[in-house]
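Position one of the sequence shown corresponds to residue 929 (the working numbering), numbered consecutively onward. Accompanying notes for the structure given below.
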Amino acid sequence: MTRHKSSSQGFTLVELLVGATLSAAVMAAVLSSYIYLGRGLNRLVNQQTLETESRRTLDTFSKDVQLATGIDTSATLSASTVRLIIPSATGAATTVTYTFTNDAGGNGTLVRTPSVGNAQTLLRNIVNNGFTLRYYDASGYEYTSYTDYLPGIKQLALEFSTQTGVAANGTRTLVQKVASSRVLLRNRSLLP
């Protein structure tokens, strides 16, 4: 009669520790790759949102300026506010006001407010002191004192810098600087 020796089955403690250590290292690598990709994709989405808002803002601003017959003299004109006079289909003039404001945290917004209809926030996440409206005469000379030269303003330009995301978690985008070309007030006479 032959006796069978009982063989031990299973892993030794050393084998279990080596396996657990290797598994933890692989899981850490996978997790760090996942976090890296997530941050990168979040930054990409933020950048795409900034570019879309920037294009929409430039398009809306350009269309309004090209339609405008002039700048409303009763409004406060500055590097952050302008009110355009735009003819309507009925012949009556309406106004559209562009206003830039900064909040306490330094993030700015650009709001388009028509005299008829609802205000529309065109752009968010404008960096602190990152917005300027520029005014030019017919020959391209830039005015720095706006109220003294209202009749001479024939062209406008818009410049802004935007950034979004959170620096602490690595999702902050680079500062995106955008400048429009000079847009001519087409419905305004070139001569004063």
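Backbone N, C-alpha and C define an ideal beta-carbon position, used for all residues, glycine too. Given the structure is predicted, the values throughout are model-derived calculations rather than measurements.
Checklist entry - Roughly how many whole angstroms lie between the Cα atoms of T997 and G1098? => result 46 angstroms
Checklist entry - CA-CA distance, T1023 and V1103? => result 32 angstroms
Next on the checklist: What does the alpha-carbon distance come out to for the pair R1116 and P1079?
Outcome noted: 10 angstroms
Next on the checklist: Starting from L1086, trace the beta strand (DSSP E) in both directions and tell me its first and last residue.
Outcome noted: Q1083 to T1090
Checklist entry - Nearest CA to the CA of S1089: which residue from S1067, S961, R1114 and L1061? => result L1061
Next on the checklist: Using a Cβ-Cβ cutoff of less than 6 angstroms, which residues in the same chain neighbour L986 once the five nearest sequence positions on both sides are dropped?
Outcome noted: S1108
Checklist entry - CA-CA distance, I1013 and N974? => result 34 angstroms
Next on the checklist: For the structure I just gave you, are there three or more beta carbon pairs, one from the segment 1042–1060 and one from the segment 975–985, closer than 8 angstroms?
Outcome noted: yes
Checklist entry - In whole angstroms, what separates the C-alpha of T1009 from that of T977? => result 24 angstroms
Checklist entry - DSSP on Q1104, reduced to helix/strand/coil? => result strand
Next on the checklist: Taking the straight line between their C-alpha atoms, what separation do you get for V1094 and R1100?
Outcome noted: 5 angstroms
Checklist entry - On the premise that T1029 lies in contact with R1011, defined as a C-beta separation below 8 angstroms, what is that separation, rounded to the nearest angstrom? => result With a Cβ gap of about 15 angstroms, R1011 and T1029 do not count as contacting.
Next on the checklist: Within 10 Å of its beta-carbon, does Y962 have 16 or more other beta-carbons around it, so buried, or fewer, so exposed?
Outcome noted: exposed
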